[in-house]
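Undergrad:
In our numbering, the protein residues as written are 26 to 318.
1. How long is the line joining the alpha carbons of residue 141 and residue 95, rounded to whole angstroms?
2. Going by alpha carbons, who is nearest to residue 129 out of 158, 116, 117?
3. Taking 8 Å as the cut-off, does the stretch 176–186 touch the stretch 145–161 (at least 3 CB pairs, one atom from each stretch)?
4. Return the chain-ordered list of same chain residues with a C-beta closer than 8 Å to the C-beta of residue 113, the five sequence neighbours on each side being excluded.
5. Give the DSSP-derived three-state secondary structure of residue 184 in the structure shown.
6. Looking at residue 225 and residue 192, is the spacing between their C-beta atoms short of 8 Å?
7. Do the CB positions of residue 213 and residue 234 come within less than 8 Å of each other?
8. Just how far apart, CA to CA, sit residue 199 and residue 237?
9. If you measure between the beta carbons of residue 215 and residue 106, is that distance less than 8 Å?
10. Helix, strand or coil: which one does DSSP assign to residue 244?
11. Measure the alpha-carbon distance for residue 184 versus residue 151 and round it to whole angstroms.
12. When DSSP labels each residue in this structure, what does residue 140 get in the three-state scheme?
13. For residue 207, count the other beta carbons within 10 Å of its own beta carbon; 16 or more makes it buried, fewer makes it exposed. Which is it?
14. Please name the residue, chosen from 172, 250, 103, 248, that lies closest to residue 217 on a Cα-to-Cα basis.
15. Which ranges does the alpha helix (DSSP H) cover as unbroken runs of at least 4 residues, wholly within the stretch 121–170, from first to last along the chain?
16. Could you round the C-beta distance between residue 110 and residue 160 to whole angstroms and report it? I think they count as a contact, below 8 Å.
17. Pick helix, strand or coil for residue 203, following the three-state DSSP scheme.
18. Can you tell me which of the three DSSP states residue 227 falls into?
19. Does DSSP put residue 220 in a helix, in a strand, or in coil?
20. Residue 190 to residue 169, Cα distance in whole Å?
21. With burial defined as no fewer than 16 other Cβ atoms inside 10 Å of the residue's Cβ, what is the status of residue 100: buried or exposed?
22. Nearest CA to the CA of residue 23: which residue from 220, 209, 227, 108?
23. Who are the Cβ neighbours of residue 139 in its own chain at under 7 Å, not counting the five residues just before and after it?
24. Residue range of the alpha helix (DSSP H) that residue 96 falls in?
25. Under the three-state reduction of DSSP, which class applies to residue 113: helix, strand or coil?
26. Candidates 122, 127, 221, 133: which alpha carbon is nearest residue 173's?
27. Give the straight-line distance between the Cα atoms of residue 203 and residue 116, rounded to the nearest whole angstrom.
28. Would DSSP call residue 118 helix, strand or coil?
Structure (structure tokens):
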């Protein structure tokens, strides 16, 4: 994404809103975070390079098979989104930030190479930046390093808060779901991983989000067809109770999160996150073993 004239399709009142693309982050440092990109992706300590099969669509570990092109391109960022919410500290927040910026650019490049429309890539980038910023600012270390003064959203879109506009995007694309189904699925994954946006401080926010997820599942079902949402018979209670639609998690969501988790284990992001609990590792291992076979 390098054309500053690109516009998203979710204009505000009067359709005048535009998202400004900033190809190279710059400007003055904010608090403990620098906005200058490093000369290399993993400087000064070189983390393991992800295998081509895991990141570049090679023939080895084809964990992206079956995902829509947009979600497949965002797999590593989806993995990071899920991981960040459970992370209590990082070794080097500034290097993590620069690495995430690099990964966002790789996402854009990969999505474009798969033929995803530029307006969809741009809006997906906005959603991912908003979700990642929220996840980080909800951690203890996110506040300590002053992440709110140098967010991903401000780096790429010159906006500080995206919690409301994400749902404006969603409302807009739901008007033509067949055209934007890939983006709808990506937003659903972000919501499933805990993104709350403008509903975070609303007393009934969780109820609203549950309703939104239910509606998204219905929309996806209509576009993609029915799915078997029961992941395991062991999860059923002795007396079946009425469940909301979003409790029947689509298998493609499990596949996308599993794929993202596998990619994360190869990518070197764990190096920057520093602390990953044994319980998280065990959970990822069990999920991988269950659905890889």
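Virtual Cβ for every residue (Gly too), placed ideally from N, Cα, C.
Predicted, not measured: the structure shown is a model, and the values here were computed from it.
TA: To lay it out plainly:
1. About 7 Å.
2. Out of 158, 116, 117, the CA that lies nearest to the CA of residue 129 is found in 158.
3. Under the 8 Å Cβ criterion, the stretch 145–161 counts as touching the stretch 176–186, having at least three qualifying pairs.
4. Taking C-beta separations shorter than 8 Å and ignoring five residues to either side along the sequence, the partners of residue 113 in its chain run 164, 165, 166, 300, following chain order.
5. When secondary structure is reduced to three states using DSSP, residue 184 falls in the coil class, being assigned neither helix nor strand.
6. The criterion of a C-beta distance shorter than 8 Å is not satisfied by residue 192 and residue 225.
7. In this structure, residue 234 does not lie closer than 8 Å to residue 213 by Cβ.
8. Approximately 11 Å between the Cα atoms of the pair.
9. Remark: C-beta atoms of residue 215 and residue 106 approach each other more closely than 8 Å.
10. The DSSP-derived three-state label of residue 244 is helix.
11. Residue 184 and residue 151 have their alpha carbons spaced roughly 10 Å apart.
12. Here residue 140 sits in coil by DSSP.
13. Flag for residue 207 reads buried.
14. Comparing Cα positions, the closest option is 103.
15. Counting whole runs of 4 or more residues, the stretch 121–170 contains the alpha helix (DSSP H) stretches 143–162, 165–169.
16. The Cβ separation is near 5 Å, so the contact holds.
17. Residue 203: helix per DSSP, three-state reduction.
18. DSSP, reduced to helix, strand and coil, places residue 227 outside both helices and strands of the structure shown, so it counts as coil.
19. The answer is coil: DSSP assigns residue 220 none of H, G, I, E or B.
20. Residue 190 and residue 169: Cα-Cα distance of roughly 26 Å.
21. Residue environment: residue 100 is assigned as buried (16 or more neighbouring CB atoms within 10 Å of its CB, all protein chains considered).
22. In the structure displayed, the chain extends from 26 to 318; residue 23 sits before or after that span and is not available.
23. Hits under 7 Å: 94, 98.
24. Segment 94–98, the alpha helix (DSSP H) holding residue 96.
25. The answer is coil: DSSP assigns residue 113 none of H, G, I, E or B.
26. For the set 122, 127, 221, 133, the Cα lying nearest the Cα of residue 173 is the one of 122.
27. When rounded, the separation of the alpha-carbon atoms in residue 203 and residue 116 is 43 Å.
28. Residue state, collapsed to three classes: helix.
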